[in-house]
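Asker:
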Amino acid sequence: SWLIEEAGIDAAFNYKTVDDLAAEVRKHCPKGIDVYFENVGGKHLEAALARMNTYGRIVLCGMISIYNETKPQPGPYNLFYAISKQLTIKGFIVTDHFDMLPQFYSEIGAWISAGRIKWKETIVKGIENAPGAIIGLFTGDNFGKMLVQVGPDPG
């Protein structure tokens with residue numbers, strides 16, 4: 006509910022608690038998807054491909070679902086949608102855009118000041134708790150960015 010009520014996201018769901026990811030994407034994107042920013046791959050990409058609108062755009066930034074695989078994984082079974090829906094699919098590497106950093110800092114600062122950018126943090130206190138915080142990243146113990154505070158509060 007934080008994503009919708011505070012961050013202003015149109016729709017959100019916890020992919021870890023749904024039985025049918027594709028059905029959930031259909032439910033929350035009844036008019037389809039125009040732009041999809043891909044970080045996960047696998048079933049997430051397949052669900053998005055099925056809901057893409059004609060001439061939609063997919064930005065590929067990561068494929069975390071296959072990072073630790075020891076054998077090559079098959080690609081999306083429904084990649085043919087890229088042809089039938091005339092999609093544009095492009096890889097994105099942030100370091101290719103360092104020339105835009107000054108503009109980014111200017112714009113993001115204004116957006117944060119205006120309250121247009123919101124985030125959540127989970128703060129774990131004490132360096133001795135850092136290993137548990139790292140494990141918590143993979144077990145869902147955090148909401149937002151996981152931080153380990155090693156000094157006194159700066160305020």
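Residues 6 to 160 (my numbering) make up the sequence shown, in order. Every residue gets a Cβ at the ideal spot worked out from N, C-alpha and C, and that includes glycine.
(1) Within its chain, find whatever has a CB closer than 7 Å to the CB of G96; leave out the 5 residues flanking it on each side and keep chain order.
(2) Skipping 5 residues on each side, what residues in its chain have a beta carbon closer than 8 Å to that of N58?
(3) Give me the Cβ distance between M151 and G141, rounded to the nearest whole Å; I'm assuming they're in contact under 8 Å.
(4) Consult DSSP for L26 and reduce its assignment to one of helix, strand or coil.
(5) Taking the alpha-carbon positions, what's the L50 to A27 distance?
(6) Going by DSSP, name the residue or residues bridged to G96.
(7) Kindly identify the DSSP beta-bridge partner or partners of I38.
Answerer: The answer reads as follows:
(1) Within the same chain, G96 has close Cβ partners L65.
(2) Answer for N58: K36, G37, I38, D39 and K90, listed in chain order.
(3) Taking a contact as a CB-CB distance under 8 Å, the pair M151 and G141 counts as one, their CB atoms being some 6 Å apart.
(4) In the three-state DSSP reduction, L26 falls in the helix class (H, G or I).
(5) If you draw a straight line from the Cα of L50 to the Cα of A27, it is about 10 Å long.
(6) G96 pairs with L65.
(7) Answer is M57.
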